[in-house]
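Colleague: So the sequence shown is numbered by this note's numbering: it starts at 34 and just counts up by one. In this text, a Cβ means the ideal position worked out from N, Cα and C, and glycines have one as well. One structure, as structure tokens, below. Some questions next.
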Amino acid sequence: TKGRELWLDIQQMGFTLLTDPLTPTRMGNTVCADMSPDLTLVKNAGTANWSNSLLNLGSDHYILVTETDVGPAKRKTRSLHIIEWDAFLDARNQDERKAEIITNIEQWAEELRRDAKNATKTLDDNAELEVLDSRLLHMWEAKASMEKRLKRQ
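This is the structure in structure tokens:
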């Protein structure tokens, strides 16, 4: 029943058994036969291979080899959009119609979106930023400050 309970625990926890039960991991002697008491388990491993080297280095257990494909996970990156606020404000101030009273909200919103799009720069995922917009830096600092205060509450 111990083996059955262990198997159920392995299944419930989502592990995968790599050990080949037909390949002994422990060398037998005159009293007992070769057996496989050593288990190799993996979880969330993309590719995993198990093999028995059949080397024992004087022990009664064989050296087991487990190979997995691991490494840094690929981070999902997205393009960085930075709005040049000075260019945006200049565009808004150049057109005299934009200073008038808003009579058509759809047209005003479309002009606002167009001006924002024209003042936005899209940087590559691997762009190395050396200079930050002062307003962006201020917003990052303010965000960090708010997160710090939130953690204290």
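1. Note down the Cα distance separating glycine 61 from serine 86, rounded to an integer number of angstroms.
2. Using the Cα positions of serine 72 and threonine 56, report the straight-line distance between them to the nearest angstrom.
3. Verify whether the separation of the beta carbon atoms of tyrosine 95 and threonine 58 is less than 7 angstroms.
4. Please confirm whether alanine 81 and threonine 101 have their CB atoms less than 7 angstroms apart.
5. Whether or not the segment 136-144 and the segment 166-183 are in contact is what I'm after, with contact meaning three or more pairs of Cβ atoms, one per stretch, closer than 8 angstroms; do they touch?
6. So what does DSSP say about leucine 41, is it helix, strand or coil?
7. Please report the straight-line C-alpha distance between valine 98 and serine 112, rounded to a whole angstrom.
8. Per DSSP, asparagine 82 forms a beta bridge with which residues?
Modeller: Checking against the coordinates, here is how it stands:
1. The residue given as residue 61 occupies position 28 in the sequence shown. The residue given as residue 86 occupies position 53 in the sequence shown. When rounded, the distance between both Cα atoms is 16 angstroms.
2. If you number the sequence shown from 1, residue 72 lands on position 39. If you number the sequence shown from 1, residue 56 lands on position 23. Checking the sequence shown, residue 72 turns out to be leucine, not serine. Leucine 72 and threonine 56: Cα-Cα distance of roughly 11 angstroms.
3. Locating residue 95 in the sequence shown gives position 62, counting from the first residue. Locating residue 58 in the sequence shown gives position 25, counting from the first residue. A contact, by the Cβ cut-off of 7 angstroms.
4. Here residue 81 refers to the residue found at position 48 of the sequence shown. Here residue 101 refers to the residue found at position 68 of the sequence shown. Against a cut-off of 7 angstroms, the Cβ pair of threonine 101 and alanine 81 comes out as a contact.
5. no
6. Residue 41 sits at position 8 when you count from the first residue of the sequence shown. Leucine 41: helix per DSSP, three-state reduction.
7. Numbered from its first residue, the sequence shown carries residue 98 at position 65. Numbered from its first residue, the sequence shown carries residue 112 at position 79. C-alpha separation (whole angstroms): 41 angstroms.
8. By 1-based counting over the sequence shown, the position of residue 82 is 49. Asparagine 82 pairs with Glu100.
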